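Chemist:
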Amino acid sequence: MVDQFSFISKKRKYILLTLISSLCVLLLYKKIDYSIPNTIFLYTNIKESTSTFDTNATTTLTTKKLNIGIIIVSDAKAQQQYKQYGKNLECYAKQHGYTFIILNPKDISVCSHFNNFFFQKHCVVRNYMISMSNLHWLLVLDGDNFIVNSSKLIEEYIPNDENIHVVHYERFYTGEIMAGAYLIQNHVWSHKYLSVWVSFYSKLPKTGYHNHDNGALHMVFLEMIGKDSASQEKCYSKYLQSTNEWNYYKYLRCCRCAIGGQRIFKHVHLLRRGHGFSRDFAVPFINDFILHGYKSDLNKYFYHTDKCTNDWLSNIRQELFVFNMSIARNMTIEKDQYAIRKYSISLGIPDISDCWPNCEKEITGEKLVKYLRALCHD
0 MVDQFSFISK KRKYILLTLI SSLCVLLLYK KIDYSIPNTI FLYTNIKEST
50 STFDTNATTT LTTKKLNIGI IIVSDAKAQQ QYKQYGKNLE CYAKQHGYTF
100 IILNPKDISV CSHFNNFFFQ KHCVVRNYMI SMSNLHWLLV LDGDNFIVNS
150 SKLIEEYIPN DENIHVVHYE RFYTGEIMAG AYLIQNHVWS HKYLSVWVSF
200 YSKLPKTGYH NHDNGALHMV FLEMIGKDSA SQEKCYSKYL QSTNEWNYYK
250 YLRCCRCAIG GQRIFKHVHL LRRGHGFSRD FAVPFINDFI LHGYKSDLNK
300 YFYHTDKCTN DWLSNIRQEL FVFNMSIARN MTIEKDQYAI RKYSISLGIP
350 DISDCWPNCE KEITGEKLVK YLRALCHD
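Residues in the sequence shown are numbered from 0 upward in steps of one, following numbering that gives the first Met the number 0.
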């Protein structure tokens, strides 16, 4: 009888210890601060990523736990104008467990002193990142971007190299570094990067064609990748002379010459033309992720712009899609040839015609020699 009661006593102790352990874990979980400022916080989820797109050939693929956000900064008028686009991105974020937020810069007092919306935008992004310490990466988009292939993940474009904190891409037609869409890690270096970018507002040329944040970005890029002061001064001199579009392309040429063929830097990765996460084309290819610059009714692309469906192919108008990669490759070559005819002053050479969609991450060898020869002259 004593042995039986002893067994029952041990069993009760075990149950009691289990309950106490569970309570401790629950209390510890409750102590973790998931609070956020007064913002529109729609979806959040720390998700496990096993990306298959290695943006740095020197690293190995690793499994990461990432909390990823998508942010659009736009005023009330633009939010209404691109409401369909916002719903499209909201649906995508919901499907994949990303944070999605639209912020009006007028609501962020610390950024309100800028008279230029584009610099307000990057100020807002910086302050939002600092306030959201649990976010690891942000996809920053202009309001006129929309998802065409919701099966693709943002993680595919996040580098495995932990020292890379910012991912930009080159625009297809001009080679310009795109300011309206970029990936940025929530890291102190990234905060500095955005601060330098925002502060360049006071250095904008007093000319008719400085192209706002996009023009400024190229000088910031040269500074943040550590280009020599002589190259920076030379290109800034070109920037100060940017009185029209033609002179602006001369400025871009100077910056692209200074950057050279390198695309992976200590803390920044610049994706080559035709290899970014967003494209300015009107015709979507099967390997596309985001389209930019359409600026009209999305009913052209989708049967139901107000429905959020998991099966993205059932909602998109497939007759607009190019599923055949051979056709897509030929179309890209044609576009590349058109771009070099119209924008040779900033492009230099058609550098992706012979390798798209799997070009090397950097321009090297004989192609680099031709590239620099075309760009590096006054």
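Quick reminder that beta carbons are idealized off the backbone N, C-alpha and C, glycines included. Fair warning: this is a prediction, and the values are worked out from it, not measured in the lab.
Report the CB separation of L297 from N148 in whole angstroms; it is logged as a contact under 8 Å.
Modeler: Contact doesn't hold; Cβ gap of about 14 Å is too wide.
Chemist: Smallest Cα separation from I100: which of N114, S73 and S108?
Modeler: When only C-alpha atoms are compared, the closest one is S73.
Chemist: Using a Cβ-Cβ cut-off of 7 Å (strictly less than) and excluding sequence neighbours within five positions of N378, which residues of its own chain qualify?
Modeler: Residue 378 lies beyond the range of the chain shown here (0 to 377); nothing can be said about it.
Chemist: Look at the alpha carbon of P204 and the alpha carbon of E244, and state the distance between them as a whole number of angstroms.
Modeler: Computed Cα separation, rounded: 14 Å.
Chemist: So, is R316 buried or exposed, given that buried needs 16 or more other C-beta atoms within 10 angstroms?
Modeler: When all chains shown are included, R316 counts as exposed.
Chemist: Less than 7 Å between C-beta atoms, sequence neighbours within five positions excluded: which residues of the same chain meet that for C110?
Modeler: Once the five neighbours on either side are set aside, the close Cβ partners of C110 are P104, Q119, C122, V123 and N126.
Chemist: If the criterion is Cβ atoms closer than 8 Å, does the pair L290 and R278 meet it?
Modeler: Taking 8 Å as the Cβ cut-off, L290 and R278 qualify as a contacting pair.
Chemist: With distance defined between alpha-carbon atoms, name the residue in Y81, A257 and I326 nearest to N286.
Modeler: The option with the nearest alpha carbon to N286 is I326.
Chemist: In chain order, what residues of the same chain lie with their CB nearer than 8 Å to the CB of Y248, ignoring the 5 residues before and after it?
Modeler: The answer, listed in chain order, is T173, Y342, I344 and S345.
Chemist: Counting C-beta neighbours from all protein chains within 10 Å, is the total for F322 16 or more, i.e. buried, or is it exposed?
Modeler: Answer is exposed; the Cβ neighbour count stays below 16.
Chemist: For N126, which three-state DSSP category applies?
Modeler: Helix.
Chemist: Just to confirm, is the Cβ distance from G273 to F145 under 8 Å?
Modeler: For G273 and F145, no; Cβs fall outside 8 Å.
Chemist: Do L65 and E175 count as a contact pair if the criterion is CB distance below 8 Å?
Modeler: Their beta carbons are not under 8 Å apart, which means E175 does not touch L65 by this criterion.
Chemist: Taking the C-alpha atoms as reference points, what is the distance between H303 and I129?
Modeler: In a straight line, the C-alpha of H303 is about 37 Å away from that of I129.
Chemist: Can you tell which of Q94, S194 and A215 has its C-alpha closest to the C-alpha of Y238?
Modeler: Residue A215 is the option with its Cα nearest to Y238.
Chemist: Just list the alpha helix (DSSP H) runs in the segment 310 to 365, keeping only unbroken ones of 4 residues or longer that don't cross its boundaries, in chain order.
Modeler: The segment 310 to 365 contains these whole alpha helix (DSSP H) runs: 311 to 314 and 324 to 346.
Chemist: In chain order, what residues of the same chain lie with their CB nearer than 8 Å to the CB of D227, ignoring the 5 residues before and after it?
Modeler: The answer is none, since no qualifying residue turns up.
Chemist: Is L221 near A257, with beta carbons less than 8 Å apart?
Modeler: In this structure, A257 lies closer than 8 Å to L221 by Cβ.
Chemist: Which word fits Y181, buried or exposed, when buried means at least 16 other C-beta atoms lie within 10 angstroms of its C-beta?
Modeler: Its Cβ being crowded by 16 or more others within 10 Å, Y181 is buried.
Chemist: Going along the chain, which residues of its own chain have a beta-carbon closer than 6 Å to the beta-carbon of Q184, five neighbours each way excluded?
Modeler: Excluding positions up to five away in sequence, the list reads W136 and H164.
Chemist: When DSSP labels each residue in this structure, what does K205 get in the three-state scheme?
Modeler: Coil, per DSSP.
Chemist: If you measure between the beta carbons of H209 and C254, is that distance less than 8 Å?
Modeler: Taking 8 Å as the Cβ cut-off, H209 and C254 do not qualify as a contacting pair.
Chemist: Considering only residues of the same chain and omitting the five flanking positions on each side of I339, which have a CB-CB separation below 6 Å?
Modeler: Once the five neighbours on either side are set aside, the close Cβ partners of I339 are L346 and P349.
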